[in-house]
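Below is one structure, written out as C-alpha cells; the observations come after it.
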C-alpha cells in the first residue's frame, strides 16, 4: 500500500506531515534505508534533491522499495528534469524558482508540484495561473515568518511550504501561520548520522519533527 496522496495533478503534499525532509544523497544505496527511517519516524513525504548524480537512482529506489513513502524530486530546474523525475517515480516536484517554460512542464507532468517563490509579485503571478500552493524559498533569507504573515491578509488563498534555513527551533513559528501547510528542512538528517548510516538516530529525529503540529 502506498501513502495517501490524491491522484489529481493539483493534489496537495502540504498536508501529509508538518515537515518534508530535504534529502541530498551521495550514494543511492543509502536511499531505501534512509527513506524507511523517515517513514518510520512519521515523515512520509520525502524530497530528494537533484543536487547529486545519485538523485534519480535514489528516487527510483525509494519509489519501488518503500511503498509507504511519497517520494518527490527537488531542485527541479528544467522540463527535461521534470520528465526524468516522473519517469523515475517522483510523486511530486519542487523547484527553487520558476519560469513560464518550467511551470508549463510541471503543470503537464501529472503530479503535484510546488514552484518556488520569494516575492509578493511571484505569488500573485502563481495565483493568476491557478497555482495556490508554493515553496517559499529561501525562507529565512527572504523574510521568514514576518514576511509570510504579511502575505496572509491580502493573499489568503496562497499556501506555502517554507524551506531554507529552518530548523527544529524555528519550525513551530512557521507552522503556526495560517498560510503554511508544512515546512521543508534537513535538520533531521545530520551529515554525521547519514555518513555513519545511523538510521535509528535519523528515525528518532524524524519522529521529533513529525510531532510538530499546527495549533
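In this note's numbering, the protein residues as written are 410 to 624.
For glycine and all other residues, C-beta sits at the position ideal for the given N, C-alpha and C.
If you pair each beta-carbon of the segment 423–435 with each one of the segment 453–472, do three or more pairs fall below 8 Å?
Yes, the segment 423–435 touches the segment 453–472.
Jot down the residue ranges of each uninterrupted beta strand (DSSP E) in the segment 479–544, minimum 3 residues, whole runs only, in chain order.
DSSP runs (the beta strand (DSSP E)) wholly in the segment 479–544: 479–483.
Going by the beta-carbon positions, is the gap between residue 423 and residue 542 smaller than 8 Å?
Yes, Cβ-Cβ distance for residue 423 and residue 542 is below 8 Å.
With DSSP run on the structure shown, which of helix, strand or coil describes residue 680?
Since the first residue of the chain shown is 410 and the last is 624, residue 680 is not available in this structure.
Determine the contact status of residue 618 and residue 597, defining contact as a CB-CB distance below 8 Å.
Closer than 8 Å, so yes.
Is the beta carbon of residue 406 less than 8 Å from the beta carbon of residue 448?
Lying outside 410 to 624, the shown extent of the chain, residue 406 is not represented and no answer is given.
Short of 6 Å in beta carbon distance, which residues of its chain neighbour residue 446, apart from the five on each side in sequence? Order them along the chain.
Taken in chain order, the residues that qualify are 608, 611, 612.
Comparing alpha-carbon positions, which option in 463, 477, 458, 439 lies nearest residue 452?
Among 463, 477, 458, 439, the Cα nearest to that of residue 452 belongs to 477.
How many whole angstroms separate the CB atoms of residue 572 and residue 592, which I take to be in contact at a CB cut-off of 8 Å?
Going by Cβ atoms, the distance from residue 572 to residue 592 rounds to 7 Å, so yes, they are a contact pair.
Classify residue 461 as helix, strand or coil using the three-state DSSP reduction.
In the structure shown, residue 461 sits in coil (DSSP, three-state: anything other than H, G, I, E or B).
Grab the span of the beta strand (DSSP E) containing residue 427 for me, first residue to last.
Run containing residue 427: none; DSSP gives neither H nor E here.
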